[in-house]
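Residue 470 in the working numbering sits at position 88 of the sequence shown; the count goes up by one each step and never skips. Encoded as structure tokens, the structure appears first; notes follow it.
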Amino acid sequence: MENSGKWLIEASCELNNGEKVWATQVLQSLPTANNLPESIINYVIRTHESVILNNATREGHFINEPYIQQKQIQSLLCLPLLNQSKLVGVLYLENQLATGVFTPDGTQVLNLLTRRSRSRGCRPYRVG
383 MENSGKWLIE ASCELNNGEK VWATQVLQSL PTANNLPESI INYVIRTHES
433 VILNNATREG HFINEPYIQQ KQIQSLLCLP LLNQSKLVGV LYLENQLATG
483 VFTPDGTQVL NLLTRRSRSR GCRPYRVG
């Protein structure tokens, strides 16, 4: 989410390998630098276009992104969250275990869910 011209991470969720336990955290406005692939986040913010990478370490325009190479991200989805054509946030999902996890059909479902939640007045909230 944007706050005073800077994009910050407000929440994260992680599923550990082999476990069926989700670890969800509401964060205190964590900067995106060194915590996400900044070139992809900035691209989505600038263009309002989604990025889907099925084999992020080996294909696409962001193959040399340091975060992807360091974390060995296999699948990646970065989706702009728009409300009346205004960017209100970015949804970033990654998978370090498998390629081809995020599909165009799945992206359409996520777009539909985020549009419906905003149309019903649901908003992300800030803690702190």
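Ideal Cβ positions, reconstructed from N, Cα and C, are used throughout, including at glycine.
Which of helix, strand or coil does DSSP assign to residue i?
| i | result |
| --- | --- |
| N436 | coil |
| L475 | strand |
| P513 | This structure cannot settle anything about residue 513, because the visible part of the chain is limited to 383 through 510. |
| P419 | coil |
| N424 | helix |
Quick one: is residue i buried, meaning 16 or more other Cβ sit within 10 Å of its Cβ, or exposed?
| i | result |
| --- | --- |
| S467 | exposed |
| V426 | buried |
| G488 | exposed |
| V472 | buried |
| E441 | exposed |
| E431 | exposed |
| V433 | buried |
How many whole angstroms separate the CB atoms of residue i and residue j, which I take to be in contact at a CB cut-off of 8 Å?
| i | j | result |
| --- | --- | --- |
| P419 | F444 | 7 Å |
| T439 | Q454 | 6 Å |
| G482 | N417 | Not a contact, Cβ separation roughly 25 Å. |
With contact counted as at least three CB pairs below 8 Å, one residue from each stretch, are the segment 444 to 459 and the segment 469 to 486 in contact? yes
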